[in-house]
Structures are given as C-alpha cells and as structure tokens.
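Asker: Just so you know, the sequences run in chain order A and B.
Everything in the first sequence is counted per our numbering, starting at 139 for the first residue and increasing by one.
Everything in the second sequence is counted per our numbering, starting at 11 for the first residue and increasing by one.
Every residue gets a Cβ at the ideal spot worked out from N, C-alpha and C, and that includes glycine.
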Amino acid sequence: MRLFFINRYIKQKRLKSLLLCISLCLNAQAVDATEVIVSANAVGQLKNSHKLQAIFSLRTLYWPNGEKIKVFVLPDNNAVHKKFVKEKLGMFPHQLRRTWNRMTYTGTGQPPITVDSIEEMLDKIQHTNNAIGYIDRRVEGESIQYFNAP
Amino acid sequence: MNRFITLMPRNILYFVCLLSGSVCAQEINAESVIGAPTQEGNKLWEGVKKTWRDDIQFHGFLSQGLFSSSGNNIYGQSKDSVSADSTEIGLNVSYQAFNNLSFAVQGLYRRAGANTGDAGEVTLDFGFVDLNLLNLSDGRIGVRGGRIKNPWGLYNETRDVAFTHPTILLPLAYFERSRTLFLALDGGQLYADYNTSMGDFSFKFNYGWANADDKELLTAIINDPTASGYLESDPSFVTQLSYEILGGEYVFALSYAELNMRYQAKNIGDPYAQLDADIKSFIISAQYNGEKISFTGEYSLQWNEFTDIRFGVPDNSPVSEHWYVQAGYRLLDNLQATLRYDSTVQDKNDRYGKGVEAATGGMVPGHLMYAQDIVFGLRWDITPAWMIRAEYHRMHGATTISLLENPDFSKIVKNWNIYALQVAFRF
Numbered sequence: 139m140r141l142f143f144i145n146r147y148i149k150q151k152r153l154k155s156l157l158l159c160i161s162l163c164l165n166a167q168a169v170d171a172t173e174v175i176v177s178a179n180a181v182g183q184l185k186n187s188h189k190l191q192a193i194f195s196l197r198t199l200y201w202p203n204g205e206k207i208k209v210f211v212l213p214d215n216n217a218v219h220k221k222f223v224k225e226k227l228g229m230f231p232h233q234l235r236r237t238w239n240r241m242t243y244t245g246t247g248q249p250p251i252t253v254d255s256i257e258e259m260l261d262k263i264q265h266t267n268n269a270i271g272y273i274d275r276r277v278e279g280e281s282i283q284y285f286n287a288p
Numbered sequence: 011m012n013r014f015i016t017l018m019p020r021n022i023l024y025f026v027c028l029l030s031g032s033v034c035a036q037e038i039n040a041e042s043v044i045g046a047p048t049q050e051g052n053k054l055w056e057g058v059k060k061t062w063r064d065d066i067q068f069h070g071f072l073s074q075g076l077f078s079s080s081g082n083n084i085y086g087q088s089k090d091s092v093s094a095d096s097t098e099i100g101l102n103v104s105y106q107a108f109n110n111l112s113f114a115v116q117g118l119y120r121r122a123g124a125n126t127g128d129a130g131e132v133t134l135d136f137g138f139v140d141l142n143l144l145n146l147s148d149g150r151i152g153v154r155g156g157r158i159k160n161p162w163g164l165y166n167e168t169r170d171v172a173f174t175h176p177t178i179l180l181p182l183a184y185f186e187r188s189r190t191l192f193l194a195l196d197g198g199q200l201y202a203d204y205n206t207s208m209g210d211f212s213f214k215f216n217y218g219w220a221n222a223d224d225k226e227l228l229t230a231i232i233n234d235p236t237a238s239g240y241l242e243s244d245p246s247f248v249t250q251l252s253y254e255i256l257g258g259e260y261v262f263a264l265s266y267a268e269l270n271m272r273y274q275a276k277n278i279g280d281p282y283a284q285l286d287a288d289i290k291s292f293i294i295s296a297q298y299n300g301e302k303i304s305f306t307g308e309y310s311l312q313w314n315e316f317t318d319i320r321f322g323v324p325d326n327s328p329v330s331e332h333w334y335v336q337a338g339y340r341l342l343d344n345l346q347a348t349l350r351y352d353s354t355v356q357d358k359n360d361r362y363g364k365g366v367e368a369a370t371g372g373m374v375p376g377h378l379m380y381a382q383d384i385v386f387g388l389r390w391d392i393t394p395a396w397m398i399r400a401e402y403h404r405m406h407g408a409t410t411i412s413l414l415e416n417p418d419f420s421k422i423v424k425n426w427n428i429y430a431l432q433v434a435f436r437f
C-alpha cells in the first residue's frame, strides 16, 4: 500500500516537472519571436498590430503625425524575414513581393529598402527618422525602440 | 532512499530546463553584442546618410529568353532551331519630392523577334507625376499625369518584367499583337484605394491616347501587310477595380477597356483611308496565393468593330474570347511548378476559323483564328535578384504567332511545340 502511494507521488511530481519544463521551453521560444522596431521619433504613434500588414504592404504610407513611413526589410530568402512575415503580418514573402513588384515596376510606389543583416537593420532604424523594421528577437538596449512598447 | 528516488527525476528535469534556459540567454547576449554598431561603422554611416537621398530610388530588370519550336516561329527563327531574340531591359527612377508629390519614369529596351527587329527598340515605358490629393489612414485618392501603365487583368501593368508573372510566355489573353495597344495611355489616371477590415479595394481609371502604331495589329485587321499608313489612337480609357483579401492571399479584379483607333493614310488614294477600329474589352480575374499552392483564372471577352476597312470589304465585328486556368505549386520556397490550360478564339461565332477559311478560299487557314495551349513550367528563384525558368507549351492552333515571322500562310502548322528557357535579374 505504501509503495503504491510513493509511486503515485513520483508520477505526480514527474508530471509537474514535465509541465514546468515545457512551459520554460515555450518561454524560450517566445524570446525568439521576431520583434518590430521603430525609430525613436516614431515610438508609440501606432500600436495596433493589425496596422503592420498595411504598413509593410505599403497601403498605410504615413505615420499619424503626417511623416512618410520608411520601411526596412531583410531579403526575401532570409529566415528572419520569412518568420517575421508569417508571425507578424500573417502573410507569405511571395505575397509581399508581388505587391512591391507591382509598385516598383509601374512607378506607383517605392518598395521598402532591403538591408543585408540584422546588424544593418538595427543601425538603419536607430539612425533614420520615421523608420520601421524588425529584428529576430527582443534585445536590451536603450536606443532600441519597439513598435509595441508599453 | 524513497525520498531520494522521488527527488532524482525532478532534479534532473530542473537541470535540463535551466540548461536550456541559459543556452537561450547566451544566444541573446551574443546577438546583442553583434547587433551593437561599432563606432567606426557609425561614422561611415553618418557620411553615407549625408550624401544619400533616400527619397530617390533606382530599380531595374533584365531578362533573356531562348526559344525553340516545331512547326511555327516564335520570337525569331525558333523553328527547328534556337532563337535568342527575346531580351527585356528596364531601368526606372522614382523621386518622392514631397509627401504628396512624386515622379517616376522607366525606360525599356526590348527585343522580341521580327516585331522589334534585331536591334530592338527603346521606349519610354512610363513617365508621370503623381499628386496625392487625399490621404486618410484607411485610404487615399490621387491623380497621375503623363504616360501610365494600363491596369488590365493581373499581368498587363508589369508584363515585361519577367519576375512578376509565373511563366515565360504570358497567358494568351495578353498576346503579343495587342501588347503595344494595351500597354499604357498618354493622359491621366485617377486612383483611389480603400482599406477595410474585410479587404482592400483599389480603383484606377486611365484616360488618354494609346500607342496604336503597331504593324502587326494593322496587318491583323486589314489582312494586308503592304499598307503604307498607320493606326492612330483616338481618346480611350482603361479602368480596373480590384479587391484583395488577407494581404493578397485572394485577389479579384474586373478590368474594362475601350480603345479607339483610326487609320492615318500617308498617300492620297490609300484604300484604307476611312478605316476605323474600336475595341471594347473586359477581363475578370481571380487568384489564390497560398503558402504552397496558387490558383489563377481569367476570362475575357473583346468586342472588335472594324468599319470602312476598304471599298468592297464588309465591316467586321468579331467577338474574341480568351480564358485560362492556372495552378502553381511551390516545391520549395524558391522552386515553383506551374500548369496552365489556356484558350483563345478570335471570333466566338467562328471558333475554328471555318468561316474565314471559306471566305478566303483557303488562303487564311482556320487554325490562324484560335489557339489552345497546355503549359508546364518550372521556376527557380536562385536568389531574390536572380531567377531561371523553363517551360513547355503544347499548342493547338496558331492565332498568337507573328505574321512577320511566319509570312507564308500555307506553312503555318496547327499542332506544334514550344520549348523555352529564360534567365532574369532584378534590383
């Protein structure tokens, strides 16, 4: 009888530990989510995440203060770009490219500026006014401003 | 001992969790170190920022095709041979002068078999000023003036940019002979976009004068390659309403065009001097762009009115019909296979050209009045800038061929094949 209780105790503890481990792993995953970053002067102007699709599809062209939004992106085949487009925009890179190409080659719009690395992305966003871009995870730094900053 | 047994697995699990957590943390630190720009880099960047105007952008594209065919020629002497007479090079510059005022211009160099000749042609593809009249968070209204591409169907606006369509040869509805006419209007465009939570609407209305001076088009209307005059445009318009859901996952569009032309004689007594040609056409488009799978379908009817062609030739008003269904599958993110069934008839009331054949005493073969095409293509986007693709067309009918490249009607073949290869670059 005693042995039975011990077994059950062990099983319960195992289960709890397993759940804890899973939740920690999920947290680790969440840390890896892409983050939208903006220039210091654009912080808090737009917080609504559903606006992101309109911004990156170049349907929303101006910040609420009237300044033109400067969009920076990574190349289409970059893993962070693919992840960002899926996670934050609910789209696929080829859909965005279709929209950008049509604007670029009919002269009806200027496509986002492509940067080659996360390092360059951080640099551009920090040194350009009215800019928006994304990086592969949240990093701590005074000069990095997040789109959905509290 | 019992206590030890209970603690053991728990501790091991905690240890694994802590370990995984610390690994993640290390990655973050490494990233933030890499992410911090060096001071030297900063100085360089400041210098670049001063000299570079980010309101001016340059873009371009280039493509070269190789064609081989059986039966009939396409883009040069491709029959039982290989032709490289298909080249497209475009360069554009756009300048955002003010928040509501911008300029854009694109030059195009194009070689397309006999139609452009060996040397090719350089044209102003578009060039206009764009004035944004109203800008709201959910939409905008504006006008453009100059030469503006025509929004007709899914592909007409960017038909010469290889990257923007899935196969080397566009669907038959966009065929070469009416390319020049449909390409752009010199005049103005009114545009309006409206974004809702249910999807995004876009409306464009182009009004102006088309480039109607195309030898192939004239020859197709009068069946006489020796005419000395040319076609000139009267005021025309092209308009499109499009609706996109989920950022372009679903696309629907309705386009309508009225293109009016008349013949300009060069000599007194030209038998075609009174010729008038008007085209009214709509095309309805639907597209699904999924992660892996895509479907596209377009249907078009075109009412042609050719009046006072010449003395003794009755007025002609054929109704042309074009449609296709197309499926695409992404085997990989950068490797796409496409399958299409495509059909076009020059006269809906004479689908197999029997009437034309009888009226000309067999001189114009019936299969010059229709075409059906089964296409299989494979596209590989090597990098975002470079692309290569190959395709096979099984053709039944020959209405889309160039008569300049296939001048002998008696040698035009009904059932034939096209093999094509293309390499393209964009920036």
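Report the rounded CA-to-CA distance for L191 of chain B versus T393 of chain B, giving the unit in angstroms.
Answerer: Counting from one through the second sequence, the residue named residue 191 of chain B turns up at place 181. Counting from one through the second sequence, the residue named residue 393 of chain B turns up at place 383. If I take the Cα positions, the gap works out to 34 Å.
Asker: Taking 8 Å as the CB-CB limit, is Y284 of chain A close to chain B?
Answerer: Against the first sequence, residue 284 of chain A aligns to sequence position 146. No, its Cβ sits nowhere closer than 8 Å to a Cβ of chain B.
Asker: Could you tell me whether the Cβ atoms of M405 of chain B and A430 of chain B are closer together than 8 Å?
Answerer: The count along the second sequence starts at 1 and reaches residue 405 of chain B at position 395. The count along the second sequence starts at 1 and reaches residue 430 of chain B at position 420. No, these two residues do not count as a Cβ contact at 8 Å.
Asker: Suppose only complete runs of 4+ residues qualify. What are the alpha helix (DSSP H) ranges in the region 200-268 of chain A, listed by chain order?
Answerer: Listed in chain order, the complete alpha helix (DSSP H) runs (minimum 4 residues) inside the region 200-268 of chain A are 217-227, 231-242 and 256-265.
Asker: Mind checking N270 of chain B: buried by the 16 CB within 10 Å criterion, or exposed?
Answerer: Position 260 of the second sequence, counted from the first residue, corresponds to residue 270 of chain B. Buried.
Asker: Residues of chain B with CB under 9 Å from G204 of chain A, in chain order?
Answerer: Residue mapping note: residue 204 of chain A aligns to position 66 of the first sequence, counting from 1. Going along chain B in sequence order, the residues near G204 of chain A (Cβ under 9 Å) are N109 and N145.
Asker: Quick one: Cα of Y105 of chain B to Cα of V92 of chain B, how far?
Answerer: Reading the second sequence from its first residue, position 95 is the one you call residue 105 of chain B. Reading the second sequence from its first residue, position 82 is the one you call residue 92 of chain B. Their backbone Cα atoms lie some 41 Å apart in a straight line.
Asker: Kindly indicate which three-state DSSP category G307 of chain B falls into: helix, strand or coil?
Answerer: Residue numbering aside, residue 307 of chain B sits at position 297 when the second sequence is read from its first letter. Three-state result, G307 of chain B: strand.
Asker: Residues in the region 162-173 of chain B with C-beta within 7 Å of chain A's C-beta atoms, listed in sequence order?
Answerer: Answer set for the region 162-173 of chain B: E167, T168, V171 and F173.
Asker: Mind checking G371 of chain B: buried by the 16 CB within 10 Å criterion, or exposed?
Answerer: For the purposes of this step, residue 371 of chain B is taken as residue 361 along the second sequence, with counting starting at 1. The residue is exposed, with fewer than 16 neighbouring Cβ atoms inside 10 Å.
Asker: For S281 of chain A, count the other beta carbons within 10 Å of its own beta carbon; 16 or more makes it buried, fewer makes it exposed. Which is it?
Answerer: In the first sequence, the residue the question calls residue 281 of chain A occupies position 143. With fewer than 16 Cβ atoms within 10 Å of its Cβ, S281 of chain A is classed as exposed.
Asker: Taking a contact to mean a Cβ-Cβ separation below 8 Å, would you say P176 of chain B touches E167 of chain B in this structure?
Answerer: As a working note, residue 176 of chain B is residue 166 in the second sequence. As a working note, residue 167 of chain B is residue 157 in the second sequence. Taking 8 Å as the Cβ cut-off, P176 of chain B and E167 of chain B do not qualify as a contacting pair.
Asker: Determine, for S195 of chain A, whether the minimum Cβ-Cβ distance to residues of chain B falls below 8 Å.
Answerer: Along the first sequence, one-based indexing puts residue 195 of chain A at 57. At least one chain B Cβ lies under 8 Å of S195 of chain A.
Asker: How would you label S327 of chain B, buried or exposed, when you count the other beta carbons within 10 angstroms and need 16 or more for buried?
Answerer: Counting from one through the second sequence, the residue named residue 327 of chain B turns up at place 317. That one is exposed.
Asker: Could you name the residues of the region 210-229 of chain A whose beta carbon sits closer than 8 Å to any beta carbon of chain B, in the order they occur along the chain?
Answerer: For the region 210-229 of chain A, which is checked against every Cβ of chain B, the residues closer than 8 Å are P213, D214, N215, K220, L227, G228 and M229.
Asker: When the distance is taken between beta carbons, is S246 of chain B closer than 8 Å to E268 of chain B?
Answerer: Counting from one through the second sequence, the residue named residue 268 of chain B turns up at place 258. Counting from one through the second sequence, the residue named residue 246 of chain B turns up at place 236. Their beta carbons are under 8 Å apart, which means E268 of chain B touches S246 of chain B by this criterion.
Asker: Could you check the C-alpha separation between R436 of chain B and R169 of chain B for me, to the nearest Å?
Answerer: Within the second sequence, residue 436 of chain B is the residue found at index 426, counting from 1. Within the second sequence, residue 169 of chain B is the residue found at index 159, counting from 1. Roughly 14 Å between the two C-alpha positions.
Asker: Alpha carbon to alpha carbon, what distance is there between E173 of chain A and N165 of chain A?
Answerer: One-based indexing of the first sequence puts residue 165 of chain A at position 27. One-based indexing of the first sequence puts residue 173 of chain A at position 35. At N165 of chain A the pLDDT is 46, less than 50, meaning the model places this residue with poor confidence and gives no usable figure here.
Asker: Give me the chain A residues within the contact set of P394 of chain B, using Cβ-Cβ distance strictly less than 7 Å, ordered along the chain.
Answerer: Residue numbering aside, residue 394 of chain B sits at position 384 when the second sequence is read from its first letter. Going along chain A in sequence order, the residues near P394 of chain B (Cβ under 7 Å) are P213, D214 and N215.
Asker: For K276 of chain B, which residues in the same chain have their Cβ closer than 6 Å to its Cβ, ignoring the five residues on either side in sequence?
Answerer: Within the second sequence, numbered from 1, the residue matching residue 276 of chain B stands at position 266. Counting only Cβ-Cβ distances below 6 Å, and skipping sequence neighbours, we find S238 and G239.
Asker: Restricting to runs no shorter than 3 residues, where is the beta strand (DSSP E) found entirely within the region 343-430 of chain B?
Answerer: You should have 345-355, 380-391 and 396-407.
Asker: List, in chain order, every chain A residue whose beta-carbon is nearer than 7 Å to that of A114 of chain B.
Answerer: Stepping through the second sequence from its first residue, residue 114 of chain B is reached at position 104. Near A114 of chain B (Cβ distances below 7 Å), the residues of chain A are G245.
Asker: Please name the residue or residues paired with I178 of chain B in a DSSP beta bridge.
Answerer: What you label residue 178 of chain B is simply residue 168 of the second sequence in a count that begins at 1. DSSP output for I178 of chain B lists no bridge partner at all.
Asker: So, does the CB of Y200 of chain A fall closer than 8 Å to a CB anywhere in chain C?
Answerer: Reference to chain C is not applicable here, since the protein chains of this structure are A and B.
Asker: How would you label L234 of chain A, buried or exposed, when you count the other beta carbons within 10 angstroms and need 16 or more for buried?
Answerer: Within the first sequence, numbered from 1, the residue matching residue 234 of chain A stands at position 96. Flag for L234 of chain A reads buried.
Asker: Starting from R157 of chain B, trace the alpha helix (DSSP H) both ways and give me its first and last residue.
Answerer: Position 147 of the second sequence, counted from the start, is the residue given in the question as residue 157 of chain B. Unbroken run through R157 of chain B is the beta strand (DSSP E), G149 to K159; no alpha helix (DSSP H).
Asker: Grab the span of the beta strand (DSSP E) containing A183 of chain B for me, first residue to last.
Answerer: Mapped onto the second sequence, residue 183 of chain B falls at position 173. It is not in any beta strand (DSSP E) - A183 of chain B carries neither H nor E in the DSSP assignment.
Asker: Assess, as a yes-or-no matter, whether the region 104-123 of chain B is touched by the region 208-217 of chain B under the definition of 3 or more beta carbon pairs within less than 8 Å.
Answerer: No, the region 208-217 of chain B is not in contact with the region 104-123 of chain B.
Asker: Quick check on this structure: which residue in B:A230, B:G198 and B:E226 has the alpha carbon closest to the alpha carbon of G218 of chain B?
Answerer: Position 208 of the second sequence, counted from the start, is the residue given in the question as residue 218 of chain B. Checking every option, the nearest Cα to that of G218 of chain B belongs to B:G198.
Asker: Which residues does DSSP pair with Q432 of chain B in a beta bridge?
Answerer: Your numbering for residue 432 of chain B matches position 422 in the second sequence. Answer is B:G75 and B:R399.
Asker: Going by other Cβ atoms of all chains shown within 10 Å of its Cβ, with 16 needed for buried, is M373 of chain B buried or exposed?
Answerer: Here residue 373 of chain B is taken as the residue at index 363 of the second sequence, counted from 1. By the 10 Å Cβ count, M373 of chain B comes out exposed.
Asker: Whole angstroms is fine: what's the gap from A129 of chain B's alpha carbon to I178 of chain B's?
Answerer: On the second sequence, position 119 is the one that residue 129 of chain B refers to. On the second sequence, position 168 is the one that residue 178 of chain B refers to. For A129 of chain B and I178 of chain B, the distance between alpha carbons rounds to 21 Å.
Asker: Spatial neighbours of I398 of chain B within its chain, please: C-beta separation below 6 Å, excluding the five flanking residues on both sides.
Answerer: The sequence position of residue 398 of chain B within the second sequence is 388, counting from 1. Closer than 6 Å at Cβ, skipping near neighbours: W390 and V433.
Asker: Indicate whether the contact test is met: 3 or more Cβ pairs, each with one atom in the region 140-148 of chain B and one in the region 235-242 of chain A, closer than 8 Å.
Answerer: The region 140-148 of chain B is not in contact with the region 235-242 of chain A.
Asker: Should the region 195-208 of chain A be regarded as contacting the region 303-315 of chain B, the criterion being three or more beta carbon pairs within less than 8 Å?
Answerer: Flag = no, the region 195-208 of chain A and the region 303-315 of chain B do not touch.
Asker: Shorter than 8 Å from the beta carbon of S73 of chain B to some beta carbon of chain A?
Answerer: Counting from one through the second sequence, the residue named residue 73 of chain B turns up at place 63. For S73 of chain B, the answer is no, since every Cβ of chain A falls outside 8 Å of its Cβ.
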